[in-house]
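Q:
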């Protein structure tokens, strides 16, 4: 009999996050536990009540911008269960076209990048053998989406600390009004996604040999264009968009595969295929 598996999904009240919880609940066994997390207690409770599946599902209130809270949850799961098996970092802050990018930058970056980094820092060390830690990012996160002027700031060889500092420096240029002259694009989603993927690559680079030896996978994924509340304001044509449930399927396949393909380790993956760090697709 397979030992109990512990799964955790951040940003799981709705959209892709909820679809991932639903998919895990359906695919995992009755003894397994899926933790659905979000910032709002009422929304977390309501989301848990909507899940229909075999595995146990419990809600946890978690603000991923609070690195101490993320660390406390990881430590608690380590103490209770000896670690975690499946972690999906999916939380994203609001971003809409009706407000300036500068007005929204702090919260968006804190959730998408601060949250990703907190999950990587706290949950990578408590992954059990053959565990999976996946960051939901985008093909907008390939390095060539950035101007050549700032690409070197995210190239391989940088530590997670250095990537975090680059993100903070970029955030400050947004408020100073100097982002464009420093080579940063106007749409803050692009550097944010690149930084997420770069953070995954930085952490994976320190763990690759050990993780591959015990079948553990750390990677980022691109779900493609998904019809969600977050994406609706930004795109006019949703005729080719996936539903959250459709987008969740290849991510679940990656999470639950018994074998880790070494070529996928630390990489950005879409539908099971690696997107080149220099030269990925151009859709979300």
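Numbering (our numbering), first residue to last: 1311 to 1594.
Built from N, CA and C at the ideal position, the CB exists for glycine as well.
#1: Less than 9 Å between the C-beta atoms of residue 1333 and residue 1558, yes or no?
#2: Out of 1498, 1578, 1409, point me to the one whose CA is closest to residue 1422's CA.
#3: Whole angstroms are fine: how far does the CA of residue 1560 sit from the CA of residue 1414?
#4: Any chance the segment 1506-1520 sits against the segment 1428-1437, with 3 or more Cβ pairs inside 8 Å?
#5: How would you write the range of the alpha helix (DSSP H) that residue 1426 sits in, first residue to last?
#6: Roughly how many angstroms separate the alpha carbons of residue 1370 and residue 1562, rounded to a whole number?
#7: Taking just the CA atoms, how far does residue 1316 sit from residue 1529?
#8: Does residue 1550 come out as helix, strand or coil in the three-state DSSP assignment?
#9: Indicate the three-state DSSP secondary structure (helix, strand or coil) for residue 1366 in the structure shown.
#10: By Cβ distance, which residues of its chain are closer than 8 Å to residue 1587, with the 5 residues on each side in sequence left out?
#11: For residue 1482, does the count of other Cβ atoms within 10 angstroms reach 16, so buried, or fall short, so exposed?
#12: For residue 1583, count neighbouring C-beta atoms within 10 Å of its own C-beta (all shown protein chains included) and say buried if the count is 16 or more, exposed if not.
#13: May I ask you to verify whether the segment 1382-1396 touches the segment 1348-1362, counting CB pairs closer than 8 Å and requiring at least 3?
#14: Given a threshold of 16 other Cβ atoms within 10 Å of its Cβ, counted over all protein chains shown, does residue 1573 qualify as buried or as exposed?
#15: Checking the sheet assignment: what are the DSSP bridge partners for residue 1347?
#16: Would residue 1399 pass as a contact of residue 1525 if the rule is Cβ separation under 9 Å?
#17: Can you tell me where the beta strand (DSSP E) with residue 1440 in it begins and where it stops?
#18: Just to confirm the assignment, what range does the alpha helix (DSSP H) spanning residue 1466 have?
#19: Going by DSSP, what residues sit across from residue 1402 in a beta bridge?
#20: Taking C-alpha atoms, which residue in 1534, 1411, 1517, 1552 lies nearest to residue 1527?
#21: For the beta strand (DSSP E) that residue 1317 lies in, which residues bound it at each end?
#22: Helix, strand or coil: which one does DSSP assign to residue 1479?
#23: Do residue 1342 and residue 1314 have their beta-carbon atoms positioned less than 9 Å apart in this structure?
#24: Beta-carbon separation of residue 1374 and residue 1445 under 9 Å?
#25: Buried or exposed for residue 1592, going by 16 or more other Cβ atoms inside 10 Å?
#26: Under three-state DSSP, which class holds residue 1358?
A: So, from the data block:
#1: Residue 1333 sits at position 23 when you count from the first residue of the chain shown. Residue 1558 sits at position 248 when you count from the first residue of the chain shown. Yes, these two residues count as a Cβ contact at 9 Å.
#2: One-based indexing of the chain shown puts residue 1422 at position 112. Ranking 1498, 1578, 1409 by Cα distance to residue 1422 puts 1498 first.
#3: The sequence position of residue 1414 within the chain shown is 104, counting from 1. The sequence position of residue 1560 within the chain shown is 250, counting from 1. Computed Cα separation, rounded: 31 Å.
#4: yes
#5: Taking the chain shown and counting its residues from 1, the one referred to as residue 1426 is at position 116. First-last of the alpha helix (DSSP H) with residue 1426: 1425-1433.
#6: On the chain shown, residue 1370 is found 60 positions in, with the first residue counted as 1. On the chain shown, residue 1562 is found 252 positions in, with the first residue counted as 1. Their backbone Cα atoms lie some 21 Å apart in a straight line.
#7: Translated into the one-based positions of the chain shown, residue 1529 becomes position 219. Translated into the one-based positions of the chain shown, residue 1316 becomes position 6. The straight-line gap from Cα to Cα measures roughly 18 Å.
#8: Position 240 of the chain shown, counting from 1, holds the residue named residue 1550. Residue state, collapsed to three classes: coil.
#9: One-based indexing of the chain shown puts residue 1366 at position 56. Note: residue 1366 maps to strand in three-state DSSP.
#10: Along the chain shown, read from residue 1 onward, the residue named residue 1587 stands at position 277. The answer, listed in chain order, is 1452, 1453, 1466, 1507, 1511, 1577, 1578.
#11: Translated into the one-based positions of the chain shown, residue 1482 becomes position 172. Residue environment for residue 1482: exposed (fewer than 16 other C-beta atoms within 10 angstroms of its C-beta).
#12: Position 273 of the chain shown, counting from 1, holds the residue named residue 1583. Sixteen is the threshold: since fewer than 16 other Cβ atoms of the shown chains lie within 10 Å of the Cβ of residue 1583, the residue is exposed.
#13: no
#14: As a first step, residue 1573 is located in the chain shown; it is residue number 263 there, counting from the start. The residue is exposed, with fewer than 16 neighbouring Cβ atoms inside 10 Å.
#15: Here residue 1347 refers to the residue found at position 37 of the chain shown. Paired residue(s): 1370.
#16: As a working mapping, residue 1399 is identified with position 89 in the chain shown. As a working mapping, residue 1525 is identified with position 215 in the chain shown. Not closer than 9 Å, so no.
#17: Start at 1 with the first residue of the chain shown, and residue 1440 comes out as number 130. Here the beta strand (DSSP E) through residue 1440 covers 1437-1446.
#18: In the chain shown, the residue the question calls residue 1466 occupies position 156. Per DSSP, residue 1466 belongs to no alpha helix (DSSP H) and is neither H nor E.
#19: Along the chain shown, read from residue 1 onward, the residue named residue 1402 stands at position 92. Answer is none; residue 1402 lacks a bridge partner.
#20: What you label residue 1527 is simply residue 217 of the chain shown in a count that begins at 1. Residue 1517 is the option with its Cα nearest to residue 1527.
#21: Position 7 of the chain shown, counted from the first residue, corresponds to residue 1317. That run of the beta strand (DSSP E) goes 1316-1319.
#22: Here residue 1479 refers to the residue found at position 169 when the chain shown is read from its first residue. In the structure shown, residue 1479 sits in a helix (DSSP, three-state: H, G or I).
#23: Locating residue 1314 in the chain shown gives position 4, where the first residue counts as 1. Locating residue 1342 in the chain shown gives position 32, where the first residue counts as 1. Contact: yes.
#24: As a first step, residue 1374 is located in the chain shown; it is residue number 64 there, counting from the start. As a first step, residue 1445 is located in the chain shown; it is residue number 135 there, counting from the start. The answer is no: Cβ separation not under 9 Å.
#25: Mapped onto the chain shown, residue 1592 falls at position 282. Confidence is the limiting factor: at residue 1592 the pLDDT is only 44, short of 50, which leaves the residue's position unreliable, though a coordinate-based value still follows. It is exposed - the Cβ of residue 1592 has fewer than 16 other Cβ atoms within 10 Å.
#26: Here residue 1358 corresponds to residue number 48 of the chain shown, with the count starting at 1. In the structure shown, residue 1358 sits in a helix (DSSP, three-state: H, G or I).
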